[in-house]
Structure formats: C-alpha cells, structure tokens
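Working notes, structure below.
Protein chains in written order, with our numbering: chain A, 1 to 452; chain B, 453 to 904.
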C-alpha cells in the first residue's frame, strides 16, 4: 500500500503550463487605472521586469523554465503526492483522496514556486530590491527566501491583523534578510491615507498592495512582486498541477474532482490549470474543478464579475475579475491569505465560464476538517489550506452516500507551523464565524469604477 | 546536477540496525537505583512494555520493523539526502557536503522515528496513555503526533524554559490531542521537591524525566516514553543512517565524516550507528564520527564516564554514561533539546572507546553557521541541528585549507519553525555564550552515586 508518489528531479516540469491560449475567446485585457485604455507593456515597466510582462500576456502553450530556476526548485520539488489512506478509512468513503503536499518547501507553502522565478527575472534585469505585500505571511516569507538566494533585498508589507497573529512569520522573513512592516504603515502615501481614515484598521491585502506598488514605483532600484492574482504568478504555480497529473497518470488515474482554496487564486491555479485546460480542449469534460473560499470574504460566490482595481488606492491596472469592491475590508479571520477582495482574472474567467465552480465555508467547519485531517494524516495544515481539506472531505462524504469511488485531488498548499494561535483559538472554542452582510458588500460594490 | 537523493517507499529499511552486538566487549548493564544490582526486565515493566524492554537488551543484529510501523513511517520516510551544492560553493570547499533532511516529518524533526514504534508497542500492550518529558518540544510534539494516530492519550512535561520560549510547541501538542505542562509542576512529588528547593527554576530534562516517570509508575494505564538516551530509542533512529548509507552507496560514496548533534544522543545514534558498526567490525576505520554538543552543557567533553541516574530525582536506573552529575542544571540556551546532563550509554561507550569523538560549540557561532546555511541552502534549522551544521562547516573549511575532497554527512535533524524567537535573539545580538564554570561541574560531579 503506497502512501505517497514521488517523482525524480528530472521529472520536474521543464516548462510552465500557460492556460491563456486554451480559452475559447480572448481574455479581457487589463486597463490603465487613469486612462481606462488597455495596458501596454510600457505601463508596467516601472514595477515589473520585461520577462514577467511578457509572460503576463504570452499566448505560447508552454513557457520554458530557466535552468537556474529549475535548479533552485529542486530544493524541494517535485513534491510528493499523498494518498490519504487513513482519512479515507476514517470517513468510510469509497473515494480515493489524493493531496499534493506543498508544505515541504523551505518557506512551508507553494509560494516559493513563483517567488524563485520572480526574483530570478528581476535579478537578471538588474533590480536589487523587491517590494511586496503579504497576507498570512506565506508569500512574504517565500519572497524573503527567494531574494536571499539571489542576494537581493526585500521589503514586505504585512497585513496588520496577520502581523499581530503571526509574529514569527516576520521573524522568518528577517532570518532570510528581509524587512517586514505591519500594513498600513505611515511610510507610504497609500498607508497614510488609510490610517487617516481609519486609525484602528486591521489592514487588508488591497491596502498592502497599494503600499508595495507605491514603494516600487517610487524607487528605481526596486520592483514590485505579487504573490498571486496575476497571470505570470498563476503560470509559475502550474508545476503543481503538472506534477500531480503525471503522478496520477503513473497510477492510471485522472481526477474526477480537483480542489484548491482561493485567496488571490494562485494555488488553485497551480493545481487546476492543467486540468481546466483539458476541459476547455473538450477532454475530461466532467472533471469537477472546485474553488474554495471563506464566507467572510466570498469573492467568487457573492462578488460580481467586472473590472476593478487590484488594490485599495487604485494604483494597479483595472482587472476583469470577480470582486467585492476594491475597498472591501474583510473581517480578521485566521485564513489571512484568503482575505482578498478580488481574484485572479484567469481563475475568475474559469468560474464565470463554468469550467470551475466555487463554494464558501465558515472558519469553524474548516478547522473541524483540519482537526480530522491532522488526526488521520498527521499533518497540521494552514487555515487557508484547511478550506481545500474541508471541500475534499465534503466530496468524500457525498461519495459515501452515493457509493461513487471518485478520485479526488486537492492542493495541500501549506503547513500550519505559524498558525498555532489559530489552532489554539479553535480548540478554545473562540473562533467566530463571519458571513459578511450582503448590504455591506453591496455598499463596496457601488464604488467599483465604471468602465464602458 | 542532482540536489537530493530520494528513495522509494519500499527502500525504507525493513529492520532496525542494532549496534549492541558490534561492541567488542559487553556493555555495562543498567543498575537498579535502590539495590545497585543489574536491572532485570521485571524492574522495568511498570513503565515500559515488554517489546521495548526486549529491544533494550537485544543482541540480534537486525530487529524487524513491524508492518504497521513501517506503514506510518512512510508518511514522511524515506527522507531526502541533500547535496549542499550552494553551501559548498559559498565555502569554496573541495568537500562534498551531504545532509539528511529529517525536518519533513509532520512534527518537524527525527523524533517521530521512535515515537511511532513506541506508541505502537505500548498500544499493543494495552496501554492507553503515555507520559513523557520534552526539552525543546520536538519530542513532545512527536509523541503527541504518534499517540494521536493510535488514538492514545499523551501527557507531556515540558522543560519550563522551553515552554516559555516556544509556546506554539505546546499548541502543536494540543492540536494532536496531548496535554502539556511546564516542568517542574506541582502535580508530582518530584516536581514539588524541586520547586520547594528552587521556586524560580527554569527546569531541566532531568527534572522533567522524573515527573514523567513518576506519573507512569503511579498510573496503571500509563507507561513512560523517552525521546532519547535509551538503547531502543537509538535503535529506532537507525532508519536515518541506514537510508543515508544506501543513498550514498547509490552515488558510489562512503562518508569520511559523519556528524550529529548530541543532547541525549538519539539523532546522533540514528545517523552514525550503521557507520560506527562498520568501524567496530574493522571496516572503514578512518571514518571520523563526530558528536557535537553545546559548551553550556558539555557532557561528552567535560563530563566523566561513570554510572549515574538519568534523572534528577534518582528514579531511573543507573546508566553507565558520560555525565555532568544528575542534578546539573544547564543554563537556558536556545538549543533546549541539548540541555541534558547525561548521554546515551551506547553513544557514551562509542566516545569512550574512541570510535566517535566529541566537540562543543558556543551558541553564537552555532547561529552564525545556521545563518550561512539558511542563506545558501534555504532551510531554517533548529538550534540543536545548528550544532551539526557548524561542525560540518568547520570540517569543510578545513578541507579548503588542506585541499582534501572529503565526503561529509550530517544529520539535519529538524526545522526551526518553532525557534523563531531564537533567530530573533541572534539577529538582535542578544545571544549569550555560556561556558559552564568547571568548579560548578566539579560540584555536581561529587553527587554522582558511588557504585563499586
């Protein structure tokens, strides 16, 4: 009875899977935040290197992974694909549950998959510092790790609520040589504006993005790096799904259900794009691709599909995506990485087109699933990841009722070593379940800019 | 250029490597703490199951690993063997540095290698609760993880200084359903005695062991589990060295230097015993086997080789080992797992016989090595593990001077996710280097019991 499927290093994908050319009609382009016209590469050069701008709009099916990047990815990749034998037995389900374990990376999540190439392309372009935001801290520590390997500097704006919940994420970033500030900070105009309006704010990804973008735009040696949302970020994460596909193929399997949690969308993109691409090519049409989000920040399930800013201050291009409004500030749930008002345009389009579907869960039921998982499979996962665990368990329990032996694949995107206070809150019965009031969402939706 | 060597699950060793029959003369037996006579199995049955007592004294060369144990070990084993290409390049050394990465286990260290079989044999014997001590928290969380998988209860006495330094290790144990108390506690006679003598004590492994042994001895449903020191614990850890040996063999290599840090000795035993056994059989006689300890608790480098208690209260059998005196309380360094007055009798004998040798380091130089490691290889390791990293770097730097292309193997025994406050202290320049005053050691040595 095999527990996990392992690939050799030379089976690490040689190229990233680009889903853009799979869509039946072209994507709606990003629009300039001031002119409302489609963004041209020159608009982005102040904050991104040309190689990444190229990847953002590429229509090549496969984009080669540079050797230097592949070499660094082998520090932890390919990652193991686990068969959750003990969880299946506990659930008495005929389903086969597989999870891709991304917690083995030095930073503890899938985030280094894109941090490494982003740092690499920026280094190649002569950039010496990267500025970024982080929610739960997984992305900030991943970029700190990656920039450290390339001997670059790194500045991280960490959402204030997460900064307080997880002080050791900041320590981790500092150990890799990065500096980390609780956002909003008084150091940027965007931060100052938010603090003037709401001094007690717990922050949000949207605010932190504004600060990091401003930092990059105002310093010539500095570029901006985003841990999710953008096309090139989703692209870099496709090593996950490509590996998982190969691992399942080696077992003569193809998944019936593919699951990932969604904040900005990158880990979901990583596990699902190779399978979503198949669907758009007319193959394996019945694959159920499931995006899981918190009820406290229900972008895909309660947002609208339209153009909106990626950040609070309106500094980023307008992106066609599901959004709750760019100034929507979700409550301070423990899955800090899922507190984003918008979503990857690629993921949004998949949900809009019906290629993928979305569900939302309360945090208490998510932690209950995490408890089940840790007490059967052993691993303590991050609260973000817990959303995918919960969905996988739900599907498996449905299979117990119907008798279907579905093959379920989910992305186990990160460990919970820095989320122990969240586990404490759960075991102490102190978790609060938020369903964001529809009228408040309706309010923030009114401030989405009008585009023709 | 391969980064890591991976074995298939079926290459996980099928038996443990027992070093006892390799010694040229018999080992000195444990002595009863009251009578001073050699311990008989019946003396140990109040706290250990018969299977483990049997392993403690077995002279079989190979002891089969039960299928149920092997099956659980595959949750993270075999572990990868890394080639530290980037560290070598940074050090400009002709040496080849390999490290066995044990941080991929659910509890984050090598400790589950023995927690799983210990919980298994106790479960088989009808025991429903295990009591134990923990220093840095790695062992306590490993046992919490293992007992959880077998649906047993678990009580952990955690050295008070570590409990304060690493609150989230306690949370981790609780997440797996264990209870964890700062030791000394007022709940045991041993704890009460220490608190009466020194209310402000920071605790020690020796004290915590007394409490756990007393708990087990006074409850019929409860046994004691030790995370290091004993023969059966060292035995279970030999999966590490056996895998590493096979992994190096697949590269046509045999190590010139084998390195592990030493607290009680189990991770050192794990990596080194298969190689020490070769030496005692007259093969590969020039292998340098290096045990690394802190100057703050210099058991192997400043202790004496004699019979002493394993704990402060004198409840355990007398063990022939290197010791600083059973009531020696080391200062509160960050490598809490290395704060033990004694050492594994098997490891002690190897050092006494000259099969292995010992070195001691200050914590600041250890953290400097950890910084070098994290900024080249990426992984943030535990301070205990940092001692092995420091020794590996020292050997590699020596090779740079001599031009020797030695093959260095070290046990990278655990990650530092729960040691971020220690990293902070280092980067804030707040680490204190302790060399324990020789006269104080001389004092505690006078209280070692006389044995003929």
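Positions of the beta carbon are idealized from the N, C-alpha and C atoms, including for glycine.
Output, in chain order, the set of chain B residues within a Cβ distance shorter than 9 Å of residue i.
i, result
"residue 417 of chain A", "560, 620, 624, 867, 869 and 870"
"residue 427 of chain A", "623, 626 and 627"
"residue 215 of chain A", "Per Cβ cutoff of 9 Å: no residues; residue 215 of chain A is ~22 Å from chain B at best."
Could you check what DSSP says for residue i in three-state terms: helix, strand or coil?
i, result
"residue 873 of chain B", "helix"
"residue 561 of chain B", "strand"
"residue 47 of chain A", "coil"
"residue 773 of chain B", "strand"
"residue 379 of chain A", "coil"
"residue 438 of chain A", "helix"
"residue 158 of chain A", "strand"
"residue 364 of chain A", "helix"
"residue 416 of chain A", "coil"
"residue 124 of chain A", "helix"
"residue 58 of chain A", "coil"
"residue 759 of chain B", "strand"
"residue 470 of chain B", "coil"
"residue 410 of chain A", "strand"
State the CB to CB distance for the pair residue i and residue j, rounded to an integer number of angstroms; the pair is presumed to be in contact (CB under 8 Å).
i, j, result
"residue 348 of chain A", "residue 321 of chain A", "4 Å"
"residue 55 of chain A", "residue 63 of chain A", "6 Å"
"residue 675 of chain B", "residue 582 of chain B", "6 Å"
"residue 721 of chain B", "residue 886 of chain B", "That pair is no contact at about 25 Å."
"residue 592 of chain B", "residue 375 of chain A", "Residue 592 of chain B to residue 375 of chain A, Cβ: 17 Å. No contact."
"residue 236 of chain A", "residue 114 of chain A", "4 Å"
"residue 97 of chain A", "residue 408 of chain A", "5 Å"
"residue 863 of chain B", "residue 520 of chain B", "Between residue 520 of chain B and residue 863 of chain B the Cβ distance is about 26 Å, and since that is not below 8 Å, they are no contact."
For residue i, which of the options has the nearest alpha-carbon?
i, options, result
"residue 758 of chain B", "B:765, B:776 and B:855", "B:776"
"residue 340 of chain A", "A:61, A:450 and A:159", "A:159"
"residue 39 of chain A", "A:317, A:119 and A:137", "A:317"
"residue 662 of chain B", "B:648, B:650 and B:778", "B:778"
"residue 608 of chain B", "B:596, B:898 and B:886", "B:596"
"residue 304 of chain A", "A:410, A:447, A:171 and A:237", "A:447"
"residue 203 of chain A", "A:182, A:23 and A:188", "A:182"
"residue 373 of chain A", "B:453, B:558, B:846 and B:468", "B:558"
"residue 767 of chain B", "B:626, B:667 and B:458", "B:667"
"residue 357 of chain A", "A:154, A:293, A:363 and A:119", "A:293"
"residue 312 of chain A", "A:12, A:17 and A:184", "A:184"
"residue 423 of chain A", "B:623, B:484, B:549 and B:527", "B:623"
"residue 57 of chain A", "A:385, A:233 and A:451", "A:233"
"residue 149 of chain A", "A:138, A:118, A:212 and A:166", "A:118"
Measuring only between beta-carbons, confirm whether residue i sits less than 9 Å from chain A.
i, result
"residue 720 of chain B", "no"
"residue 614 of chain B", "no"
"residue 792 of chain B", "no"
"residue 580 of chain B", "no"
"residue 823 of chain B", "yes"
"residue 538 of chain B", "yes"
"residue 873 of chain B", "yes"
"residue 876 of chain B", "yes"
Who are the neighbours of residue i on chain B, taking C-beta pairs under 7 Å?
i, result
"residue 454 of chain A", "This structure does not reach residue 454 of chain A, given that chain A is present from 1 up to 452, and the question cannot be answered."
"residue 75 of chain A", "455 and 830"
"residue 90 of chain A", "Those within 7 Å of residue 90 of chain A in chain B number zero; the least Cβ separation is about 11 Å."
Consider the Cβ of residue i: report whether some Cβ of chain B lies at a distance smaller than 9 Å.
i, result
"residue 31 of chain A", "no"
"residue 207 of chain A", "no"
"residue 6 of chain A", "yes"
"residue 379 of chain A", "yes"
"residue 104 of chain A", "yes"
"residue 328 of chain A", "no"
"residue 353 of chain A", "no"
"residue 394 of chain A", "no"
"residue 71 of chain A", "yes"
Counting only Cβ pairs nearer than 7 Å, list the residues of chain A close to residue i.
i, result
"residue 454 of chain B", "9"
"residue 600 of chain B", "375"
"residue 438 of chain B", "A question about residue 438 of chain B goes unanswered here, because the residues of chain B that appear run from 453 up to 904."
Does residue i come within less than 9 Å of chain D when only Cβ atoms are used?
i, result
"residue 145 of chain A", "Absent from the structure: chain D. Protein chains present are A and B."
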